[in-house]
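For reference, the structure discussed in these notes is given below.
There are 2 protein chains.
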Amino acid sequence: MSDTRTRILDLAEDLTQKVGFNGFSYLDLAEEIGVKNSSIHYHFKAKADLALALVERYRSVHKEAFEELDRTLETPKERLEALADHFNGYALNQKVCMCGMMAAEFEAVSPEVRQALALYFRDLQGWLTKQLAEMRHPDPQQGALQFVCALEGSLLLARLEGDATIVGRSVDAFVNG
Amino acid sequence: MSDTRTRILDLAEDLTQKVGFNGFSYLDLAEEIGVKNSSIHYHFKAKADLALALVERYRSVHKEAFEELDRTLETPKERLEALADHFNGYALNQKVCMCGMMAAEFEAVSPEVRQALALYFRDLQGWLTKQLAEMRHPDPQQGALQFVCALEGSLLLARLEGDATIVGRSVDAFVNG
DNA sequence: GTCTATAGGCAGATAGAC
DNA sequence: GTCTATCTGCCTATAGAC
Chain G
1 MSDTRTRILD LAEDLTQKVG FNGFSYLDLA EEIGVKNSSI HYHFKAKADL
51 ALALVERYRS VHKEAFEELD RTLETPKERL EALADHFNGY ALNQKVCMCG
101 MMAAEFEAVS PEVRQALALY FRDLQGWLTK QLAEMRHPDP QQGALQFVCA
151 LEGSLLLARL EGDATIVGRS VDAFVNG
Chain X
1001 MSDTRTRILD LAEDLTQKVG FNGFSYLDLA EEIGVKNSSI HYHFKAKADL
1051 ALALVERYRS VHKEAFEELD RTLETPKERL EALADHFNGY ALNQKVCMCG
1101 MMAAEFEAVS PEVRQALALY FRDLQGWLTK QLAEMRHPDP QQGALQFVCA
1151 LEGSLLLARL EGDATIVGRS VDAFVNG
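Protein chains in written order, with my numbering: chain G, 1 to 177; chain X, 1001 to 1177.
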């Protein structure tokens, strides 16, 4: 059973990936969930509080997913493929990475959210660095940075062109040789 | 002498790259330029008209800049370096690519603007493909796609991290090697 | 081409009852 | 926790004078 708070977070995350954090209102959330907008304010007093909760949850969910991939998949190549698949799923739903979207909305978010966004990207880059190191990439850290940029950029292009294959093609060189 | 229309476009382009197209209002433009907001409406009846004019001008300016690079620089490597410098300039001013920003705001823009955005990226990718072909890149077209994604993604990261060197590092492999 | 004045709508947010 | 009711402010946009 999902309580209202969780339903708000789920819906807000989905909307942020589709229309941006500033692209929806508390009223949008309220109507979709079936409560009044003051109830949203009860759970997240200001919209800035919602933003921070969203990014912290997104980061924590992804951090755990990275560990899960490390546990369940044998080779770094398989893990990178799984990650690419995950982002490809966003593209298939006309979504971008939530943190990439908020990075685009940089000027509109609080310093706390900016910090949380930076931590998400640090997690992602750190995990990628480990995988590339294991694959004997000549410069794992730089490769990981390039991987992150490729993912975030490709999601923007994929949605615009209506072509989800762009995600896979943009990271192809890192996943394979 | 820059007429009001041009000053509106210049300011709106700058603001779009910094705060997004939906991050500023006609009132913001009016106050900065020193007219009333109804004057902005005289030049661009609806904000959607301004968006289209912005993207079309951006595309045309860049298209000419590509031709200029082809004329004035000897080697494709020099041209790619010049392009990377150009985007690096955005990062140094806490800006992203205007079309990358609008691609993030995809759901909020009209079909006409989406089409114009796609054409910009097609121009950019086409020009990059030519340069990479001249450098005997094994797959110029895919390389160009990866280059575009790297540029757009790196600008988001660079601003978030406050580190403009991310742009250069993300496209390093294409410009060199 | 720019102005004054204004309309209508929606945003984020709060007070207080249940 | 959720509701009703409400406030204030900003947004896009328009009518009509100069």
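No residue lacks a Cβ here, since even glycine has one placed at the ideal position from N, Cα and C. Everything numeric in this text was worked out from a predicted model, so none of it was measured.
Endpoints, the alpha helix (DSSP H) within which residue i is located
i, result
"X/PHE1021", "From DSSP, X/PHE1021 is part of no alpha helix (DSSP H); its letter is neither H nor E."
"X/GLY1168", "1165-1175"
"X/ALA1108", "X/ALA1108 -> no alpha helix (DSSP H), and no H or E assigned at all."
"G/ALA46", "Neither: G/ALA46 is in no alpha helix (DSSP H) and is coded neither H nor E."
"X/SER1002", "Where X/SER1002 is concerned, there is no enclosing alpha helix (DSSP H), given that its DSSP letter is neither H nor E."
"X/HIS1086", "1076-1092"
"X/LEU1073", "Run containing X/LEU1073: none; DSSP gives neither H nor E here."
"X/ARG1159", "1140-1161"
Proximal residues of chain G, C-beta to C-beta of residue i below 7 Å
i, result
"X/SER1154", "CYS149"
"X/ASN1088", "Those within 7 Å of X/ASN1088 in chain G number zero; the least Cβ separation is about 14 Å."
"X/ALA1091", "Those do not exist, as X/ALA1091 stays about 12 Å from chain G at its closest Cβ, beyond 7 Å."
Neighbouring residues, chain X, relative to residue i (Cβ below 8 Å)
i, result
"G/GLN17", "Per Cβ cutoff of 8 Å: no residues; G/GLN17 is ~10 Å from chain X at best."
"G/ALA12", "None at all; the shortest Cβ gap to chain X is about 15 Å."
"G/ALA82", "By Cβ distance, chain X contributes nothing, its closest Cβ being about 20 Å from G/ALA82, past 8 Å."
Partners in chain G for residue i, counting only beta-carbon separations shorter than 8 Å
i, result
"X/PHE1121", "LEU157, LEU160, GLU161"
"X/ILE953", "Any answer about residue 953 of chain X is impossible in this case: the structure gives chain X only from 1001 up to 1177."
"X/GLU1046", "Looking at the sequence itself, residue 1046 of chain X is Ala, so the reference to Glu does not match. Those do not exist, as X/ALA1046 stays about 18 Å from chain G at its closest Cβ, beyond 8 Å."
Residue i: contacting residues in chain X (beta-carbon distance under 7 Å)
i, result
"G/SER170", "LEU1145, GLN1146, CYS1149"
Is there contact here, the stretch 130-148 of chain G with the stretch 1031-1045 of chain X, by at least three beta-carbon pairs under 8 Å?
For the pair of segments examined, the stretch 130-148 of chain G was found not to touch the stretch 1031-1045 of chain X: the number of CB pairs separated by less than 8 Å stays below three.
Closer than 8 Å is the cut-off here; do at least three beta carbon pairs connect the stretch 1153-1161 of chain X with the stretch 148-157 of chain G?
yes
Assess, as a yes-or-no matter, whether the stretch 1002-1009 of chain X is touched by the stretch 83-91 of chain G under the definition of 3 or more beta carbon pairs within less than 8 Å.
no
Beta carbons nearer than 9 Å to chain X: which residues of the stretch 49-75 of chain G have them?
Against chain X - using a Cβ distance shorter than 9 Å - the stretch 49-75 of chain G contributes no residues.
Taking only beta carbons into account, state which residues of the stretch 1097-1118 of chain X come closer than 8 Å to chain G, listed in chain order.
GLY1100, MET1101, ALA1103, ALA1104, GLU1105, PHE1106, GLU1107, ALA1108, ARG1114, LEU1117, ALA1118
Short-range partners of chain G found in the stretch 1126-1146 of chain X, where Cβ spacing is below 7 Å:
The residues in question are GLN1142, LEU1145, GLN1146.
Cβ-based contacts, 8 Å cut-off: residues of the stretch 1017-1040 of chain X near chain G:
LYS1018, VAL1019, GLY1020, ASN1022, GLY1023
Segment contact, 8 Å Cβ cut-off, at least three pairs: the stretch 27-34 of chain G with the stretch 97-115 of chain G
Counting Cβ pairs under 8 Å, fewer than three are found: no touch.
Do the stretch 107-116 of chain G and the stretch 1012-1023 of chain X touch if we need at least three Cβ pairs shorter than 8 Å?
yes
Pair every Cβ in the stretch 157-172 of chain G with every Cβ in the stretch 54-65 of chain G, then say whether three or more of these pairs are closer than 8 Å.
By the criterion of at least three beta-carbon pairs nearer than 8 Å, the stretch 157-172 of chain G is not in contact with the stretch 54-65 of chain G.
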